[in-house]
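Residue numbers (my numbering), protein chains in the order written: chain A, 1 to 217; chain B, 1001 to 1217; chain C, 2001 to 2233; chain D, 3001 to 3233. Glycine included, every Cβ here is placed at the ideal spot set by N, Cα and C. Please read these numbers as outputs of a predicted model, since none were measured by experiment.
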Amino acid sequence: MLDKNGIAKRIAREVKDGYYVNLGIGIPTLVANFVRSDISVEFQSENGVLGMGPFPYEGEEDPDIINAGKQTITTLPGASFFDSATSFGMIRGQHVDLTILGAMEVAENGDIANWKIPGKMVKGMGGAMDLVASAENIIVAMMHTNKAGKSKLLKRCTLPLTGVGCVKKIVTNLAVLEVTDQGFKLLERAPGISLEAIKEATEGILIVQDEVPEMEI
Amino acid sequence: MLDKNGIAKRIAREVKDGYYVNLGIGIPTLVANFVRSDISVEFQSENGVLGMGPFPYEGEEDPDIINAGKQTITTLPGASFFDSATSFGMIRGQHVDLTILGAMEVAENGDIANWKIPGKMVKGMGGAMDLVASAENIIVAMMHTNKAGKSKLLKRCTLPLTGVGCVKKIVTNLAVLEVTDQGFKLLERAPGISLEAIKEATEGILIVQDEVPEMEI
Amino acid sequence: MIRKTVADAQEALRGVQDGMTFMLGGFGLCGIPENAIAELVQLGIKDITCISNNAGVDDFGLGLLLQKKQIRKMISSYVGENDEFERQMLSGELDVELTPQGTLAEKCRAAQAGFPAFYTPAGYGTEVAEGKETREFNGKMYVLEYAYKSDFSFVKAWKGDEAGNLVFKGTARNFNPCMCGASDITVAEVEELLPAGSLDPNEIHIPGIFIQRIFQGTLYEKRIEQRTVRKRD
Amino acid sequence: MIRKTVADAQEALRGVQDGMTFMLGGFGLCGIPENAIAELVQLGIKDITCISNNAGVDDFGLGLLLQKKQIRKMISSYVGENDEFERQMLSGELDVELTPQGTLAEKCRAAQAGFPAFYTPAGYGTEVAEGKETREFNGKMYVLEYAYKSDFSFVKAWKGDEAGNLVFKGTARNFNPCMCGASDITVAEVEELLPAGSLDPNEIHIPGIFIQRIFQGTLYEKRIEQRTVRKRD
């Protein structure tokens, strides 16, 4: 079973040379740590920066330079700042090549829910609805099951949706899956995880064809 | 009868302190020369400059700094440059207080035609359609009659329209007129011009109430 | 040059009244109009509707207005990190309208640029689109969203000049430019107020035409929400 | 950092073909992509549709493509100052679509920012709105205009860096920023091409994400259309 860093590490392999990437809060943020150093990638944060670098050295934090998670950051050569309308112009206009975000639920039809638990938690959707409605290439990073052990890969989402039919790929602690017209197609197993364990943890239709290899990470 | 400078001079009196003003090509351009020096006014040109100054001194022309008439210009302290979408955002968003432009025809209902003579001249509307559709305060600067002696203040425009029901005020070589629901209301006569002469040169309904004073310019 | 300078926040906020709708720039606590917020607290204006991406934290930013129960309605995209907010929302004291972040930005920009409404794919098929008009373009579904109408915009810039021209710094830019000229009156507070002619006309982010009043702010705290650092090697 | 640099106009225009639609920046002859135009002449690409505010003059700018009859259709707001243009238009050799200037700018910006269409008051009640959908908002009539689709955008900036970031100068900015990222491929030519990190991230007008190829142009003529000056006192 993968830990959060393991999930991030596997997703990092989906990041290709020349990609502009938007990383959501949580596991997605960790992806930046594992991207190969021999490819060129720029990270966009929807609050208005392209070309994000690592966290600043202690004492060099600038309150005017943060990411969408409100963390202090730095910028790399070639970076730029811009306003929120321009930022979402980049997103809506599909100039960002890859969006990686977390989810509370994903359905076999590609629906995603990640912003609200009625009566319990309402923090808001932030930029997630814009991102999932616009991006051509969306990868969800999440645990396969929730804290109560229930599957997060469902036939239909039970929580209020963030977007419809938009998720293309999911990387969990157990598996890599593709969303197809027929359901979740199992592409890879996490190291040491059996097909049975994945089947058990997946409520939605799971399509298993041929041998399912273990992930390389 | 006023000449072009006279018309510009009279219109300059409509420019108030704190106004952002867009000047069209031709007579409107001359208005800048006659604005009182004790008021603060900024001129916008739709190709992307606010705070236009006078023409440059000989030898100081910069090909990268022009107005919408493609003339080399200078900028004053407080000026800014911006792109065309932002420029028309200013215009459409009614941040420009006064638009002064020329016309080939104006109708008694406020319609204006100034961009095309079918089969003869088609230079295009440039920014005129955006300006007349958006501006709250539009003054037309033109001769009262065309070269053939025909009235340019009509019951209905005969040329393709630039905008509908948008003109508020007209300053010609003969008169100052306001466009009202009832027709052209005569506000002022040019120095030495009789009521009869104005009536004769106006095809549309001319409303004359009380004494009509001579312009002060 | 048309002068937009006023002496201070007090003069800049002249005319604000109970029940008004305000746009406030900032993302989290980054780039928020600290002086305008402090003055709104001071004035005790009530029943405000705030259009702002976030609602501050418990004891800073818009949280200060929430503490005093001056806000009737929040229009935001993200309202986490604020216990008092959550309490007021759950108890029904506070009306909350959550809007996708890109939609929020564009509803401001639409107001600035004279667009009555626009089509965006964000929120299609979700509760955000409930009751809204939708339409297909090129095989994709879009939601019709309307421009905001508001009484005052309060924005914060890095540098500004007497003519109201603004320059922002880093990600403190965020929603501030989109909100300029998007309300009846736009009030800009800046860290450094310069004479006209001090800013390069090429480097101005927001031309002064969008600003009605500008003043130099004081005592900027610029609180950091998530101080993340790395150790030196 | 993602490198966008190519060696020259020849490499930058790889892939252009007969029958394509191009956006070209500039207002009059100010800020036009001189190198890209020269290369299009050189390549002899035919049946082009050009989206550009103006059509150049007889012997410069897009006038060079008109001379060689490479343009099938012009989409512009103003096409005066060009006898060859007028001749081709009146003879029916050239198809011309005239569009209000603000509409033209926004049709580009809409393509850049992923808006399929927008409502503008410009042209309502005129022949420009004939056959187009109209709609009332707040008592005012608007026309529905669609985003452009095009194959290449050719823009000209003052300074640029390897990452494709652009800075424009004066009114040579005009339509150039709106056209970046509004076509499948955006080619930027700059007067000065700098290493990444040379431009202040605050002062970048167009982030490199909107640009696919950038090169340093040569031999800019920057012809002035109306040389207006005043005498020294």
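Check, Outcome
"Supposed close pair V2079 (chain C), G124 (chain A) - CB separation, criterion 8 angstroms", "5 angstroms"
"Contact with chain D by F1043 (chain B), beta-carbon distance below 8 angstroms", "no"
"I1207 (chain B): contacting residues in chain D (beta-carbon distance under 9 angstroms)", "Here the premise fails: no neighbours, minimum Cβ distance about 24 angstroms."
"Chain B contact for F3027 (chain D) (CB, 8 angstroms cutoff)", "yes"
"Segments of 3+ residues assigned as beta strand (DSSP E) that fall wholly inside the stretch 2141-2227 of chain C", "2152-2161, 2185-2194, 2213-2216"
"Residue range of the alpha helix (DSSP H) that includes R2109 (chain C)", "2101-2113"
"Local Cβ density within 10 Å of N2138 (chain C), reported as buried at 16 or more and exposed below that", "exposed"
"Under 7 angstroms from the C-beta of M90 (chain A): neighbouring residues of chain D", "I3209"
"Proximal chain C residues relative to I66 (chain A), where beta-carbon distance stays under 7 angstroms", "G2028, C2030, T2171"
"Sequence-distant residues of the same chain with beta carbon closer than 8 angstroms to S80 (chain A), five excluded per side", "V49, L50, G51"
"Contact list for L82 (chain A) against chain C, beta-carbon separation under 8 angstroms", "According to the sequence provided, residue 82 (chain A) is Phe. The question's Leu does not apply to it. In chain order: R2173."
"T2126 (chain C) vs Y2142 (chain C) beta-carbon contact at 8 angstroms", "no"
"Partner residues on chain D for L131 (chain A), Cβ-Cβ distance less than 9 angstroms", "The premise fails here: L131 (chain A) is roughly 12 angstroms from chain D at the closest Cβ pair, so nothing lies under 9 angstroms."
"Supposed contact pair L1186 (chain B) and V1208 (chain B) - C-beta distance, whole angstroms, cut 8 angstroms", "5 angstroms"
"Proximal residues to R1156 (chain B) (C-beta, below 7 angstroms), its chain only, five neighbours per side dropped", "A1107"
"Distance CB(N137 (chain A))-CB(L76 (chain A)) smaller than 8 angstroms", "no"
"Chain D within 8 angstroms of Y1057 (chain B), Cβ atoms only", "yes"
"8 angstroms contact criterion, which I2051 (chain C) and Y2148 (chain C) should meet: CB distance rounded", "6 angstroms"
"Alpha carbon of K1169 (chain B) to alpha carbon of L1177 (chain B), nearest angstrom", "6 angstroms"
"Interface flag, L50 (chain A) vs chain D, CB-CB below 8 angstroms", "yes"
"Same chain, Cβ closer than 7 angstroms to D2047 (chain C), five either side skipped, listed in chain order", "D2018, G2019, R2072"
"N3035 (chain D), DSSP secondary structure in three states", "helix"
"Coarse secondary structure for I39 (chain A), derived from DSSP in three states", "coil"
"Closer than 8 angstroms to chain C by CB, N146 (chain A)", "no"
"Beta-bridge pairing of A1145 (chain B) - partner residues as DSSP gives them", "The identity of residue 1145 (chain B) in the sequence shown is Thr, whereas the question assumes Ala. The partner list for T1145 (chain B) (beta bridge, DSSP) reads B:S1151."
"In DSSP terms, what D2095 (chain C) is bridged to", "C:K2073"
"Collapsed DSSP secondary structure at K1199 (chain B) in the structure displayed", "helix"
"Best match in D:L3024, D:V3006, D:M3001 for proximity to D3151 (chain D) [C-alpha to C-alpha]", "D:L3024"
"Own chain residues within Cβ distance below 7 angstroms of D2095 (chain C), not counting five before or after", "R2072, K2073"
"Option nearest Y57 (chain A) by Cα separation, candidates A:N47, A:Q44, A:T72, A:A68", "A:T72"
"Test item: CB-CB of R3014 (chain D) and E3162 (chain D) under 8 angstroms", "no"
"With 16 other Cβ atoms within 10 Å as the buried cut-off, status of Q2212 (chain C)", "buried"
"Residue-level contact to chain C via CB, T1075 (chain B), 8 angstroms cutoff", "yes"
"Under 8 angstroms from the C-beta of R3003 (chain D): neighbouring residues of chain A", "S40"
"Given G1026 (chain B) as reference, the closest of B:G1102, B:E1046, B:T1158 once Cα atoms are compared", "B:G1102"
"R1089 (chain B) (DSSP reduced to helix, strand or coil)", "According to the sequence as given, residue 1089 (chain B) is Gly; it is not Arg. Helix at G1089 (chain B)."
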